[in-house]
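Undergrad:
2 protein chains.
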Amino acid sequence: MSNRSYSITDLATDFDITTRTIRFYEEKGLLNPERNGQTRIYSAADRIKLKLILRGKRLGLSLEDSKDIIEMYHPEHDNSPQIMKLIDKIRERRRLIKEQLRQQLQDLNDMLSELDQAEERCVEALEDMQRKAQ
Amino acid sequence: MSNRSYSITDLATDFDITTRTIRFYEEKGLLNPERNGQTRIYSAADRIKLKLILRGKRLGLSLEDSKDIIEMYHPEHDNSPQIMKLIDKIRERRRLIKEQLRQQLQDLNDMLSELDQAEERCVEALEDMQRKAQ
DNA sequence: TTCACACCTTACGTTAACGTCAACGTAAGT
DNA sequence: ACTTACGTTGACGTTAACGTAAGGTGTGAA
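Chains A and B, in that order, give the protein sequences.
Position 93 of the first sequence, counted from 1, bears residue number 92 in numbering that gives the first Met the number 0, the numbering being contiguous throughout.
Position 131 of the second sequence, counted from 1, bears residue number 130 in numbering that gives the first Met the number 0, the numbering being contiguous throughout.
This is how it looks when you write it as structure tokens:
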């Protein structure tokens, strides 16, 4: 286990975000770093959480969603009903992600082929103009 | 060519959005429907534009981006420098989309496999508890 | 004619996700 | 002692993408 710790600017420069953003995530309950006095000290686990958040963002998830997902990695294994609820949440989330994956693949492929066609039309129009300009 | 036309509520119910949303897209310059008096009348082309916008949204594009993309399908083929600029924009956009595709696929697969692991850990924890409860 | 719709415009309200000061503390180097 | 660098807490500002009334128009059915 990596015991390394990070300052807030360490993480900010690592992930190319601002310190304000990191504090904002804490405000929203997605991060809870240790403190040395009032200075925040981030663990390797915090770093991973941040990574999860940013990945969620790239996928279009809200911070609330990412908060949910983070909690799936740090279950408070109090009792078995709790865990069973968590398992259900994980499965539901996986369902959502798979559906999203399908949809995005379709969308992106559609868009790519349409861009190809648009380019083709442009090239043809260009050739037409050059022929007439002779 | 389909000469069918649509009312604003037609489109709204078709795409499961509100009329406010459609008017908003017009405000932002993404749609320019015909008018009968003050009532908007949407053509098949308008319908397609709306489809493009919503697909863009699913992919995380902003309305500005979608506006750009829509204009790629309706080039004002004034002169060849214009068209060449458009072709460049199309190619750049395709580059962006391909990169996004790569990243999102990676993100989604990572997330799926991590959810699998999280579920596995949960199931194990559950089994542990049941064994001890006997 | 009066009612019910479907449409319109204008305009203020809302939410998420930060940005941007201001004002302050602290520790290290010169 | 002074500057520089990095950290802190408020707290108000901003942008995108709509939501939500409030009030007016036009048209067909009862």
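Idealized CB from N, CA, C, for every residue including glycine.
1) Do ILE52 (chain A) and TYR24 (chain A) have their C-beta atoms within less than 8 Å of each other?
2) What's the C-alpha gap between ILE82 (chain A) and VAL122 (chain A)?
3) Comparing C-alpha positions only, which one of A:GLY28, A:ASP109, A:GLU91 and A:LYS97 sits nearest to GLN105 (chain B)?
4) Can ILE7 (chain B) and ARG39 (chain B) be called in contact, C-beta distance under 8 Å?
5) Quick one: Cα of ARG57 (chain B) to Cα of GLN99 (chain A), how far?
6) Which residues, in chain order, does the segment 38-57 of chain A contribute to contact with chain B at a C-beta distance below 7 Å?
7) Looking at LYS66 (chain A) and LEU95 (chain A), is the spacing between their C-beta atoms short of 8 Å?
8) With the cut-off set at 8 Å, would you say LEU125 (chain B) and SER1 (chain A) are in Cβ contact?
9) Quick one: list the residues of chain A neighbouring ARG93 (chain B), beta-carbon separation under 9 Å, in chain order.
10) Could you check how far apart the C-beta atoms of LEU114 (chain A) and ARG92 (chain B) are, in whole angstroms? I think they sit under 8 Å.
11) Kindly list, in the order they appear in chain B, the residues whose Cβ is closer than 9 Å to that of SER79 (chain A).
12) Among A:LEU62, A:THR17, A:LEU85 and A:TYR5, which has the Cα closest to the Cα of GLU118 (chain B)?
13) Using the Cα positions of GLY36 (chain A) and SER42 (chain A), report the straight-line distance between them to the nearest angstrom.
14) What residues of chain A sit near GLY59 (chain B), judged by a beta carbon separation below 7 Å?
15) Between A:ARG22, A:THR20 and A:GLN129, which has its C-alpha nearest ASP77 (chain B)'s C-alpha?
16) Can you pull the chain A neighbours of ASP106 (chain B), defined as C-beta to C-beta under 8 Å?
17) Taking the alpha-carbon of GLU33 (chain A) as reference, which of A:GLY59, A:TYR5, A:GLU70 and A:ASP9 has the nearest alpha-carbon?
TA: Reading off the structure:
1) yes
2) Using only the alpha carbons, I get a separation of about 59 Å.
3) A:LYS97
4) yes
5) 9 Å
6) ARG54 and ARG57
7) no
8) With respect to SER1 (chain A), LEU125 (chain B) sits apart: the two C-beta atoms are not nearer than 8 Å.
9) The CB of ARG93 (chain B) comes closer than 9 Å to the CB of MET110, LEU111, LEU114, ASP115 and GLU118 in chain A, given here in chain order.
10) ARG92 (chain B) and LEU114 (chain A) do touch by the CB rule: their CB atoms are close to 6 Å apart, below 8 Å.
11) ALA124, LEU125, MET128, GLN129 and ALA132
12) A:LEU85
13) Across the structure, GLY36 (chain A) and SER42 (chain A) are spaced so that their CA atoms are roughly 16 Å apart.
14) Listed by position along chain A, the residues whose Cβ is nearer than 7 Å to that of GLY59 (chain B) are GLY59.
15) A:GLN129
16) ARG54, ARG57 and LEU58
17) A:TYR5
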